[in-house]
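Here you go:
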C-alpha cells in the first residue's frame, strides 16, 4: 500500500473553507490511502509567543511545536468524518486499509527517533517530507493558503505562480520551510503545493494527479 502524505497547513484553520476541505479528504480517503500530517497553526503560534517572551531553548520549543501539531491533528480528526488518529506507520496502514483517513499525531514517533534539527527552520513541511520518506510515498501534498510557490512575495502584483520547479530551487523560496529541500533528499517523491482554500483542487490532484499549484520535481 502506497500512502499519499498530505500536510494540512495550520493556516487552513483560519479560513472558512476548512470544513469543505475536510469533507474532500474524507471522501478521497475511501479511494486513496491517505495519511494527513497536521501543521501547527494557532497552537504553534502560541509556542512562538512563549519563545519570544521567555529564554526558551530550541529543544523545548521544538517539542512544544510538535505537540502543537498533535493538537491540530486532533482538531482535524474530529472534522474529517471517519478518520482515525494514528501515531505510527503501522497504525496508518491499518486505517487506510479500512478506507479511513489516517491523521498523524507525530509527537511520540518523532520523540522516539528525533530525526530532525531542533530549529524554527524545521516546520511541518519538513516533517511531512520526512514522514513521506519513511512511508516510501510516491506523492507528498502540501496544502497551504496560497496557490503554490511564487517567484516573489505572492502579495506583490508582479508575482508569478511557478507551475513546476526543481527541488534544488526550493532553498530561498519563502513559501516553504528552509529545511524542506534537505528533507526531500530522503523522500524522492513527487511533491505538490496547492491551495486548500479551493478544496476542489485538492480533490482533483488526488483523483487525477494534477491540479493548479506547484509541482516540485525530485533530484
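Numbering (full-length UniProt numbering), first residue to last: 1 to 219. Cβ coordinates follow ideal geometry from the N, Cα and C atoms, glycine included. Note that the structure is predicted; figures quoted are calculated from it, not measured.
Original post:
Bridge partners of residue 191, per DSSP?
Top reply: Here residue 191 is bridged, per DSSP, to 140, 216.
Subject >> CB-CB length for residue 38 against residue 103, believed under 8 Å >> reply: About 7 Å; that satisfies the 8 Å criterion.
Original post:
Who are the near neighbours of residue 126 in its chain, counting only those whose CB is closer than 8 Å to its CB and skipping five residues on each side?
Top reply: So the qualifying residues of the chain are 116, 177, 179, 180, 182, 183.
**OP:** Tell me whether residue 151 sits in a helix, a strand or coil according to DSSP, three-state version.
**Re:** Reduced to three states, the DSSP call for residue 151 is coil.
Original post:
Is residue 1 closer than 9 Å to residue 97 when the C-beta atoms are compared?
Top reply: Yes; because the gap between Cβ atoms is below 9 Å, this pair is in contact.
Original post:
Who pairs with residue 164 in a beta bridge, going by DSSP?
Top reply: Looking at the DSSP output, residue 164 bridges to 215.
**OP:** Starting from residue 84, follow the beta strand (DSSP E) in both directions and report where the run begins and ends.
**Re:** Residue 84 -> beta strand (DSSP E) spans 84 to 86.
Subject >> 8 Å CB neighbourhood of residue 76 in its chain, flanking five on each side removed >> reply: Closer than 8 Å at Cβ, skipping near neighbours: 8, 22, 36, 38, 83, 103.
Original post:
Roughly how many whole angstroms lie between the Cα atoms of residue 188 and residue 24?
Top reply: Approximately 26 Å between the Cα atoms of the pair.
**OP:** Compare the beta carbon distance of residue 140 and residue 190 with 9 Å and say whether it is the shorter of the two.
**Re:** In this structure, residue 190 lies closer than 9 Å to residue 140 by Cβ.
Original post:
Which residue spans inside the region 69 to 128 form an unbroken alpha helix (DSSP H) run of at least 4?
Top reply: DSSP runs (the alpha helix (DSSP H)) wholly in the region 69 to 128: 89 to 97, 107 to 113.
Original post:
Under 9 Å, do residue 64 and residue 19 count as touching if we go by C-beta distance?
Top reply: The answer is no: Cβ separation not under 9 Å.
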